[in-house]
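Numbering (this note's numbering), first residue to last: 2 to 319.
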């Protein structure tokens, strides 16, 4: 009678039982380098008579940069990240980075700069050999610190929002979604239905045009001037012409037709006193009184004055 083989799953160890050991090992590996760095700083302080600070820094480099200080922090970080992740994995990684920063600072300042200067006073050869060894240890320390930094940056820092690419809408920016106008931009243009230019049925026909206001400073009294003693007429609408713009053609536009273009050669021509002015630009719905030829003729004013009779000759002066 043969025994049944055990399932392959029962032969595997239960890693859940090793979880408390994993947590304890992570705490020890990250705490021991901190204790070693603290003791190394205390050893820099002279404790006996005749001891100097420079003499104690000669061998202080290996108190800050050594194998436990380099490997233990990164080992603690890796143990804390093994699934399931340790609840204090973020704190362990942060402490490991602080230990690497402290070891690099004290190792470079006191172990290389100050310590090698003191050694070079006794032997240049020994100082050069120590320089090569200590630079190598610093390189190993930098590699371990960089590995922990990458784990921290990818696992425990919030990823930044990627900037919007060209042609893609960004969140929070007005005018980036279809149908949403941005700041300072006009909305959708409504189509304008064409309107007839002719008179509408049932509309009243326009009456005769009222005479315009008095003539301008360079226009003699003509159709716009009123005779003496007559009642003033109703004021006309102000002209739409702007000072400094060329005047339109002499032919007034008719009802429902666009105004005629200005005559060639009129823009920029100097105005002569007494010369007739071309008709001003008018809207298609505005009547402009035609220019009469008798306005520019010279009139003879009689000797009679209204209300005083004929004027006599002036008396000779004495």
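We put the CB at the ideal spot given by N, CA and C, even for glycine.
Local conformation of residue i per DSSP, three classes
i, result
"residue 330", "A question about residue 330 goes unanswered here, because the residues of the chain that appear run from 2 up to 319."
"residue 83", "coil"
"residue 119", "helix"
"residue 213", "With a pLDDT of 48 at residue 213, under the threshold of 50, the predicted position of this residue should be treated as unreliable, though the coordinate-derived value follows. Here residue 213 sits in coil by DSSP."
"residue 47", "coil"
"residue 245", "Interpretation of residue 245 is limited by its pLDDT of 47, a score under 50 that renders its predicted location unreliable; no figure is taken from the coordinates."
"residue 204", "Interpretation of residue 204 is limited by its pLDDT of 49, a score under 50 that renders its predicted location unreliable; the figure taken from the coordinates is listed afterwards. Reduced to three states, the DSSP call for residue 204 is coil."
Reference residue i; option with closest CA among the options
i, options, result
"residue 68", "17, 34, 85 and 44", "34"
"residue 123", "25, 42 and 56", "56"
"residue 102", "80, 79 and 65", "65"
"residue 153", "37, 74, 125 and 47", "74"
"residue 72", "54, 138 and 156", "138"
"residue 107", "17, 60 and 19", "60"
"residue 20", "109, 32 and 86", "86"
"residue 119", "58, 95 and 136", "58"
"residue 31", "94, 113 and 18", "94"
"residue 77", "109, 23, 46 and 113", "23"
Residue span of the alpha helix (DSSP H) that contains residue i, given as start and end
i, result
"residue 94", "90-107"
"residue 135", "125-156"
"residue 57", "54-57"
Pairwise C-alpha distance: residue j and residue i
i, j, result
"residue 121", "residue 62", "15 angstroms"
"residue 126", "residue 48", "30 angstroms"
"residue 42", "residue 97", "18 angstroms"
"residue 116", "residue 156", "38 angstroms"
"residue 111", "residue 143", "17 angstroms"
"residue 39", "residue 53", "20 angstroms"
"residue 37", "residue 100", "10 angstroms"
"residue 129", "residue 141", "19 angstroms"
"residue 134", "residue 44", "21 angstroms"
"residue 70", "residue 104", "8 angstroms"
"residue 109", "residue 17", "43 angstroms"
"residue 46", "residue 113", "17 angstroms"
"residue 151", "residue 131", "30 angstroms"
"residue 136", "residue 158", "31 angstroms"
- Message: Across the stretch 134-147 and the stretch 77-84, are there enough close Cβ pairs to call them in contact, namely three or more that are closer than 8 angstroms?
- Response: no
- For the stretch 19-33 against the stretch 88-98, are there 3 or more C-beta pairs whose distance is under 8 angstroms? yes
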